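The opening position of the sequence shown corresponds to residue 1 in full-length UniProt numbering, with each subsequent residue numbered one higher.
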Amino acid sequence: MGRQTQNFSYFKQVPIVIFFALQPIALGLIAKNAGANSNLAIFYTSLAAIIGVLLFLKSIGSDFRLKLIKVVNWLVITSFTTLVYLDLTSAAAAADFLTPLVLASGITSIYLLQQQFNARQVLIFILTLVNVLLVGNPVASVLFVCDGLIAIGASFYRRRATGQINVQTTVILIIAFVGLRLDVTGLKLLQPELNDYVIILYYLVVLFAGVYWTKQLKIKTNGNYWLIAGTLTANLIIVQLSLQYAGILNPLNVVAAAFISWHLFLFEGVRVGDDVSGIPRVSVLMPTYNSANTIEASLDSLLMQDYSDFEVIVIDDGSTDATRSVVERYQANHPQMALTYVYQANADQLDALMNGLELVTGAVTYILHSDDLLYNERVLTGGVEALQHIGVAGVFPDFEVVDNHLARIKVNRVKPFVGGKSTIVKTGLQFGRNPYSDFAFWRTNIFRQQVASNYLANNMVAWYDFEQNVPLNMVNLNIIGFKYRIHEGNYLNSTDGSVNVLSGELRTLTHVLARHRIPAFKLQSLVFRAFNKFKLDSLIPVISFSGQTEPAEIVEQVIKLRVPEINHPYLRTILDFFRNRNNQKQAELVVPEDLRIFRGGEIRLFNRQLASGSLPDFYHQLMELLAAGTTTITVASASSATKITQLLEFFCVRDYVKVEVIK
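This is how it looks when you write it as structure tokens:
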């Protein structure tokens, strides 16, 4: 993900990469020293070494922890499947396979503490917990209670920073802490003859990582030093009891085990400095259209923020009501707010945001619509702190859906973001619909470089860098960030809005299909969408390969799901292109110098000119050629080629038409 962070420190990541590579390597050594099956030990050790090398080669500049957890999940699932074929009455055979499960639980728990929560992680943890209980771990229930209390305490501590208690976060912490305890105690319970020096070495590796992270991370406690002392003391006591029961009690083990879990407990409040370190300015972009009745409340929700350094840029998309006077009055009454008002002729909210981006001066960018409100006074603080972890491009807040009177309808929890190719493929299986959210805190450099092109210009999902065919590195904030108001005037409830949304979904879908060969697409899509309704989609693996998926039937299905009668010339052009696509059809075009180039976010203007008969003749010529299935277009200059490429993107066929310059 080379363009995500400009100030990414490769050197600082190397020890962490080594640590995560050493954990599974230690797995094989432990199994070997415990007298377990030597072939099994060699297998896990070799596999871990290969994984470590691959991680080091492929993970620099990306979320290597995410890649590792996918590999660990695979190891756990395959190990558990193998158990079905074993004689579970044989304690030795069971221990051989349960040992890696316990270690995997600890690694998975570290991942969970970063709030990347989905059904697969929960399933793995449950399997691990059950397996440990099966081989006799009566102390597990006591640890569960203790860790549950610590997790609840952590959630209340988090409430001081966010103003909210998230039940999901509390559950995540409980699962994570119990998983770490199993990592500490389960090894000796599963392998009674385990060499103590081997497990001490394992703890030393863990301790090294904890010390390194604590040194690199600036722990933010708001002066609550009693919290540090109290949690560390509690961890020492609990770990001492656990290790004493396991028969491996010594000071080094106690300190090492307590330190890492204490460190992870404080992970909620740490900050990593890079290009948004310190107190960065937040630029809030607020597009508006005829929002005189709601925009003042939106501005009030910003004024109440406890975050000091932010600016608000209101971009008025041609309002015909009193929006301008309301904003100007607000400027006069609240001079302490850095508030800028810009007016433009009515175009589209994405066009308004693109114009507002030129005025942004902050290191963090956030979009708040003029009929929405921030949830409480801690939202900007929470968003900025989440962005300050190395490599994070954007942060998804949850949101509360309300009616026009701000009465709650429901709370929309954004599903946990998991990067990688599978996320892109799953977006295709959902017919290009955004499985996450359009609302996020963004690093401004990422917003300018990628989000502006993906989302503002081309109206695709903001987190997908289609040029590099990779997802941006997103995380979940896991608190309610704003109140999303539903009313008849909502953009998405308008005719223009619905057509715009469909064109954006088609554009995303056609990019995914052009870059991934998804066998049995209809079947995979049906199964995935069924599981997705019950929020179990993380349990469903997707099958894809390099290459292309034939788009014709899929595109037709998507359009007909939204528009049963396909009479719109724009949609008809896209549908006919994929029906008639012929690699032998070529055409030469002369692009007028003064031609207005429409982008994906400007379909409202396109529709307006189309309906009024003022659309340039060139567009009718281009639509006729595309509807005939033309796949090669020749032009006279490089500048004309650039314009044609942008128009092909507008019509969702960029990946399927070759543009050549006549020499």
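Just so you know, even glycine gets a beta-carbon here, dropped at the ideal spot from N, CA and C.
The structure displayed is predicted, hence computed values, not measured ones.
Rounded to whole angstroms, the gap between the alpha carbons of A292 and K560 is 37 Å.
When the Cα atoms are used, Q449 and L285 turn out to be separated by approximately 17 Å.
Cβ neighbours of M354 within its own chain (closer than 8 Å, five residues either side excluded): A452, L456, A457 and G601. Contact between the segment 586-601 and the segment 325-342 is absent: fewer than 3 CB-CB pairs across the two stretches fall below 8 Å. Nearest to A297 by C-alpha distance, out of A338, A345, N404 and A352, is N404. Using a Cβ distance threshold of 7 Å, Q388 and P287 do not count as a contacting pair.
Taking 7 Å as the cut-off, the beta carbon of E311 is found no closer than this to the beta carbon of A352. Out of G432, F441 and I409, the CA that lies nearest to the CA of T381 is found in F441.
With a cut-off of 8 Å on Cβ pairs, the segment 393-400 is in contact with the segment 469-487, counting three or more such pairs. Per DSSP, the beta bridge partners of E660 are T634. A Cβ-Cβ separation of about 14 Å leaves R581 out of contact with T549 under the 8 Å criterion. The C-beta separation of P551 from F578 comes to about 5 Å, placing the pair in contact by the 8 Å criterion.
In the structure shown, R281 adopts coil according to DSSP, grouped into three states.
Taking all protein chains shown into account, Q557 has fewer than 16 neighbouring C-beta atoms within 10 Å of its C-beta and is therefore exposed. I543 has its alpha-carbon roughly 10 Å from the corresponding atom of K421.
If you draw a straight line from the Cα of K535 to the Cα of L622, it is about 42 Å long. If you compare the alpha carbons of R604, Q468 and V414 with that of F439, the shortest gap goes to V414.
For I479, the closest of P435, P569, G419 and E385 by C-alpha to C-alpha distance is E385. Per DSSP, the beta bridge partners of V364 are V282 and R443. With contacts defined by Cβ atoms closer than 7 Å, I662 and A636 form a contacting pair. Annotation: L625 is outside any beta strand (DSSP E); the continuous alpha helix (DSSP H) that includes it extends over D617 to A627. If you draw a 10 Å sphere on the C-beta of N567, you find fewer than 16 other C-beta atoms in it, and that means exposed.
Non-local beta-carbon contacts of T365 in its own chain, meaning distances under 7 Å to residues more than five positions away in sequence, involve S283, L285, W442, T444 and F447 in chain order. Within the same chain, Cβ atoms closer than 7 Å to the Cβ of F431 are found at E505, L509 and V558, the five residues on either side in sequence being excluded. The criterion of a C-beta distance shorter than 7 Å is satisfied by Y341 and V314. Assignment of beta-bridge partners to N412 by DSSP yields F399.
Here E358 is not near Q305, since their CB atoms are 7 Å or more apart.
Burial state of G547 is exposed, judged by a 10 Å Cβ sphere holding fewer than 16 other Cβ atoms.
Residue burial is scored here from C-beta neighbours: E624 has fewer than 16 other C-beta atoms within 10 angstroms and is therefore classed as exposed. Within the DSSP secondary-structure output, R485 pairs in a beta bridge with V402.
Excluding the 5 residues flanking it on each side, F521 has same chain C-beta neighbours closer than 7 Å at T549 and I554, in chain order. If you ignore the 5 residues before and after A345, its C-beta comes within less than 6 Å of the C-beta of G318, all in its own chain and listed in chain order. Beta-bridge analysis with DSSP links P287 to I315. Exclusion of the five residues before and after V401 leaves I409, K410, N412, Y484 and I486 as the residues of its chain whose Cβ lies within less than 7 Å of its Cβ. By the CB criterion at 7 Å, F606 and F598 fall inside the cutoff. For the pair E588 and T634, the CB atoms are nearer than the 7 Å cut-off.
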